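When the letters of the sequence shown are read in order and numbered with our numbering, they come out as residues 22 to 470. Quick reminder that beta carbons are idealized off the backbone N, C-alpha and C, glycines included. Predicted, not measured: the structure shown is a model, and the values here were computed from it.
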Amino acid sequence: MTAIADGPGGLSQPLETSESPEDGHYDADVIVVGAGPSGSAAAYWMATAGLDVLLLEKTSFPREKVCGDGLTPRGTRALIDMGIDVSEEAGWLHNKGLRVIGGGMRLELDWPELASFPAYGLVRPRADLDHLLVRQAVKAGARLHEQTSVTAPILDKQGRVTGVLAKGGPGADRAESSYRAPIVLACDGVSGRFALALGLQRNDKRPMGVAVRRYYTSPRTDDDYLESWLELWDGPPGADDAKLLPGYGWIFGMGDGSVNVGLGVLNSSAGFQKTNYRTLLTTWLDSTPPEWGLREQNALCPTQGAGLPMGFNRTPHYRDGVLLVGDSGGSVNPFNGEGIPYAMESGKFAAEAVVRALARPPGPAREKALASYPAAMAAEWGAYYRLGGVFVKLIGNPAVMRACTRHGLPHPGLMRFVLKLLANLTDPRDGDVSDRIITALTRVTPPLR
Ligand SMILES: Cc1cc2nc3c(=O)[nH]c(=O)nc-3n(C[C@H](O)[C@H](O)[C@H](O)COP(=O)(O)OP(=O)(O)OC[C@H]3O[C@@H](n4cnc5c(N)ncnc54)[C@H](O)[C@@H]3O)c2cc1C
Numbered sequence: 022m023t024a025i026a027d028g029p030g031g032l033s034q035p036l037e038t039s040e041s042p043e044d045g046h047y048d049a050d051v052i053v054v055g056a057g058p059s060g061s062a063a064a065y066w067m068a069t070a071g072l073d074v075l076l077l078e079k080t081s082f083p084r085e086k087v088c089g090d091g092l093t094p095r096g097t098r099a100l101i102d103m104g105i106d107v108s109e110e111a112g113w114l115h116n117k118g119l120r121v122i123g124g125g126m127r128l129e130l131d132w133p134e135l136a137s138f139p140a141y142g143l144v145r146p147r148a149d150l151d152h153l154l155v156r157q158a159v160k161a162g163a164r165l166h167e168q169t170s171v172t173a174p175i176l177d178k179q180g181r182v183t184g185v186l187a188k189g190g191p192g193a194d195r196a197e198s199s200y201r202a203p204i205v206l207a208c209d210g211v212s213g214r215f216a217l218a219l220g221l222q223r224n225d226k227r228p229m230g231v232a233v234r235r236y237y238t239s240p241r242t243d244d245d246y247l248e249s250w251l252e253l254w255d256g257p258p259g260a261d262d263a264k265l266l267p268g269y270g271w272i273f274g275m276g277d278g279s280v281n282v283g284l285g286v287l288n289s290s291a292g293f294q295k296t297n298y299r300t301l302l303t304t305w306l307d308s309t310p311p312e313w314g315l316r317e318q319n320a321l322c323p324t325q326g327a328g329l330p331m332g333f334n335r336t337p338h339y340r341d342g343v344l345l346v347g348d349s350g351g352s353v354n355p356f357n358g359e360g361i362p363y364a365m366e367s368g369k370f371a372a373e374a375v376v377r378a379l380a381r382p383p384g385p386a387r388e389k390a391l392a393s394y395p396a397a398m399a400a401e402w403g404a405y406y407r408l409g410g411v412f413v414k415l416i417g418n419p420a421v422m423r424a425c426t427r428h429g430l431p432h433p434g435l436m437r438f439v440l441k442l443l444a445n446l447t448d449p450r451d452g453d454v455s456d457r458i459i460t461a462l463t464r465v466t467p468p469l470r
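Right under this line is the structure:
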């Protein structure tokens, strides 16, 4: 079987087939495209519920992924829920909170004590993290095919996705293999190529970011706070034409002699995509104390970058047998650029919907169960992400960004509230006043879908 001409974004156009999906020739209950945090989490939860899960991944593990490698308590919780040992003995670097630097201030904000989340975050290289997650999915029973690149969706005559075409993997001697399943999860990351091949474009009105990162050898390697720098200047700081960019720089100790250093900028700035982010990173690092070692001679790799798809910038999250999960569905938090926990949690929501759907016969009852996935995404983060979109637009104005840094940081009480809001760490039911304010704000905001 061969796919026809290349479609948008490099994946082939969908292959339409007259073969009935009801002919009994399914290769799995569900196919998951991509084994990053979203795909592995979804595969884990579905396999745990007893489904036959086929997880197709174009690379093989361990493999690198360009990332800051930092996890807030939301990420810690998602890992614990999957039964992963996150102790320091198991190789995790724990952090107590966030150190914020800006406006001449340096503030250490501990992660809040909450019923819903542990009070510590983590750091771990993605090469390790993603390997651990995929192993957990396989242990739960998911079948992983590495070196298997999905090239196109397969559609039935009604336009419903009933499988995928893929290159590589077992039987790699064949040019292309087809895999059939009644439901497919697109977990292929920021490129969203699977969704694009089905005509699901990104919504440019919703937030998008760009981030770059690099590793350096540094004495700051054992830092037990995640550090974030709020002043990123597009030009020499203080110069008339220099603009304060909406975003932040980070320095995360890796605990192995190195630090992960990077920056992320939002699409609400006038200079978005016109800025040279690698140069911006070097300029910022040159302003840090020389004893930290964040200079060219200590760099361990080139600067690498990727997009941050935020605030549900690709929807609908379910259509015609396909669920968009993690970055593919734009699930990164627009307030802070965090994506791993949202990828894992959206994987869990998707898994729950698929388990319920496959317990029903094909048709309207099954579709209703699948529609509970976008409903869960909207209920969980729809209102919060709408507020995030407003936040992104506001801080795109350098004057607002400057006012926030100058007038916010001197008030630790206010900053503790801001930390909870930006990191989405609240107890919706039994929280304190700031939790109740954030919960009330999200209750009165109509959810994005
Ligand atoms: C520079 C940078 C720093 C970041 N820092 C942080 C951070 O510190 N903390 C945080 O929480 N988030 C961070 N993020 C965001 C985070 O990396 C993502 O949100 C997260 O990786 C999303 O997970 P995912 O599973 O949806 O996608 P991915 O992690 O991108 O996984 C997608 C998987 O699909 C596979 N794949 C793709 N196409 C195909 C195909 N055709 N066939 C088969 N397999 C395919 C890929 O190989 C990959 O394994 C950062 C992002 C960037 C760019």
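Q | Residue interval of the beta strand (DSSP E) (run including residue 201) | A | 198-201
(Q) Give me the residue from 370, 421, 171 and 108 with the minimum Cα distance to residue 143. (A) 108
Q | Range covered by the beta strand (DSSP E) that runs through residue 471 | A | Given that the chain is displayed from residue 22 to residue 470, the structure contains no residue 471 and the question cannot be resolved.
Q | Pairwise C-alpha distance: residue 218 and residue 23 | A | With a pLDDT of only 31 at residue 23, under the threshold of 50, the placement of this residue in the model should not be trusted, and no figure is reported.
Q) Given that a residue counts as buried once 16 or more other Cβ atoms are within 10 Å of its Cβ, and exposed if not, what is residue 475? A) Outside the displayed span of the chain (22 to 470) sits residue 475, for which this structure offers no information.
Q | Presumed contact (8 Å Cβ cut-off) between residue 314 and residue 238, rounded CB distance | A | 6 Å
**Q.** Residue range of the unbroken alpha helix (DSSP H) whose run includes residue 128
**A.** Residue 128 -> not in any alpha helix (DSSP H); beta strand (DSSP E) instead, spanning 126-131.
Q) Straight-line CA distance for residue 197 to residue 181? A) 21 Å
Q | Meets three-Cβ-pair contact criterion under 8 Å: the stretch 88-107 and the stretch 392-405 | A | no
**Q.** Sheet register partners of residue 273 (DSSP bridge)
**A.** 281
(Q) On the criterion of 16 or more Cβ atoms from any shown chain inside 10 Å, does residue 36 qualify as buried, or is it exposed? (A) buried
(Q) Here's the rule I'm using: 16 or more other beta-carbon atoms within 10 Å means buried, otherwise exposed. How should residue 464 be labelled? (A) exposed
Q. Residue 419 bridges to which residues according to DSSP?
A. In DSSP, residue 419 forms no bridge with anything.
Q) Given a threshold of 16 other Cβ atoms within 10 Å of its Cβ, counted over all protein chains shown, does residue 450 qualify as buried or as exposed? A) exposed
Q: Could you name the residues of the same chain whose beta carbon sits closer than 7 Å to that of residue 390, not counting the 5 residues immediately before and after it, in chain order?
A: 374, 377, 378 and 381
Q: Compare the beta carbon distance of residue 170 and residue 86 with 7 Å and say whether it is the shorter of the two.
A: no
Q. Going by other Cβ atoms of all chains shown within 10 Å of its Cβ, with 16 needed for buried, is residue 321 buried or exposed?
A. exposed
Q | Closer than 6 Å: residue 58 CB and nearest ligand 1 heavy atom | A | yes
**Q.** Which of helix, strand or coil DSSP assigns to residue 22
**A.** Reliability fails at residue 22, whose pLDDT of 33 lies under 50, so the model's placement of it is uncertain and no value is given.
**Q.** Simplified DSSP state of residue 352, which is helix, strand or coil
**A.** coil
(Q) Measuring alpha carbon to alpha carbon, tell me which residue in 256, 257, 234 and 308 is nearest residue 280. (A) 234
Q: Would you tell me roughly how many angstroms separate the C-alpha atoms of residue 437 and residue 133, rounded to the nearest one?
A: 8 Å
Q | Simplified DSSP state of residue 115, which is helix, strand or coil | A | strand
Q.
Taking its Cβ as the centre, do 16 or more other Cβ atoms sit within 10 Å of residue 136, making it buried, or is it exposed?
A. exposed
Q. Out of 84, 298, 126 and 324, which has the shortest C-alpha to C-alpha gap to residue 149?
A. 84
Q: On the DSSP bridge assignment, give the partners of residue 123 in chain order.
A: 126
**Q.** Every unbroken beta strand (DSSP E) inside the stretch 158-233 [3 residues or more]
**A.** 164-166, 169-176, 182-189, 198-201 and 204-207
Q) My guess is that residue 439 and residue 429 are in contact by the Cβ rule of under 8 Å, so how many angstroms apart are they, rounded? A) 6 Å
Q: Reducing DSSP to helix, strand and coil, say where residue 264 ends up.
A: strand
Q.
Considering just the uninterrupted stretch of the alpha helix (DSSP H) at residue 142, what are its terminal residues?
A. Careful: residue 142 lies outside any alpha helix (DSSP H), inside the beta strand (DSSP E) at 142-144.
Q: Using beta-carbon positions only, say whether residue 211 and residue 61 come within less than 7 Å of one another.
A: no
Q.
Between the alpha carbons of residue 422 and residue 290, how many angstroms are there, rounded?
A. 11 Å
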